[in-house]
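Student: My structure is below; once you've seen it, I'll send some questions.
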Amino acid sequence: MVFNPQDKFDPLVFRLIMRCAAAASVTVSLLGILILIKLDPATHGPDCSAGIDKGWHALPIAGAFALSACIVALRWRDQVKKIEDYIRKGERPMIYGMHEPIPTSYSLFFLIMGAAMTLFCAIPIFFVAGNCSNLF
Numbered sequence: 340m341v342f343n344p345q346d347k348f349d350p351l352v353f354r355l356i357m358r359c360a361a362a363a364s365v366t367v368s369l370l371g372i373l374i375l376i377k378l379d380p381a382t383h384g385p386d387c388s389a390g391i392d393k394g395w396h397a398l399p400i401a402g403a404f405a406l407s408a409c410i411v412a413l414r415w416r417d418q419v420k421k422i423e424d425y426i427r428k429g430e431r432p433m434i435y436g437m438h439e440p441i442p443t444s445y446s447l448f449f450l451i452m453g454a455a456m457t458l459f460c461a462i463p464i465f466f467v468a469g470n471c472s473n474l475f
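Take the sequence shown: its letters are residues 340 to 475, numbered as in my numbering.
Below, the structure written as structure tokens:
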């Protein structure tokens, strides 16, 4: 994709999206902990105990994603500086590890990134929902 000069990067939008993603990630992680603590597996069938065990095992992964979302939200100025350096050179910022430029608008990319962080924080809840309910 060729760099589009009309696609403006707004640092305040980036900050807002990352703060919302961090808050949502922490909230979802805490909700998962609350569900794991309060849920009584005896009332939800034999598979529920396995779901709760899987949820506790997945909790460090969810916590890592919540922590990374918080770090990005706290260090937003550093990220903005990196992105603006790319823009000054007339290039699109690269996606870390992929060596590919961001393929869409900045705001949409940051929204998707924040939503993905929050979704990964919900992994323990998915284990519980899959084993302790008829949702999945």
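Positions of the beta carbon are idealized from the N, C-alpha and C atoms, including for glycine.
Under the assumption that Val367 contacts Ala461 (Cβ atoms under 8 Å), give the Cβ distance between them as a whole number of angstroms.
Tutor: Indeed they touch by this definition, with Cβ atoms about 5 Å apart.
Student: Look up Met433 in the DSSP assignment and give the residues it is bridged to.
Tutor: Its beta-bridge partners are Pro440.
Student: What does the alpha-carbon distance come out to for the pair Ile422 and Ala408?
Tutor: 17 Å
Student: Run through DSSP, which three-state label would Arg486 get?
Tutor: There is no way to answer for residue 486, as the model of the chain reaches only from 340 to 475.
Student: Looking at the ligand ZN, does it come within less than 7 Å of Arg358, judged from the CB to the closest heavy atom?
Tutor: Judged by which ligands are present, the structure shown has none, so any question about the ligand ZN falls away.
Student: Please report the distance separating the alpha-carbon of Lys393 from that of Ile451.
Tutor: 26 Å
Student: Just curious, the alpha helix (DSSP H) that Lys377 is in, first and last residue?
Tutor: Pro350 to Lys377
Student: Taking all protein chains shown into account, decide if Ile391 is buried (16 or more other Cβ within 10 angstroms of its Cβ) or exposed.
Tutor: buried
Student: Measuring only the C-alpha atoms, how far is Val411 from Pro350?
Tutor: 13 Å
Student: Which of helix, strand or coil does DSSP assign to His383?
Tutor: coil
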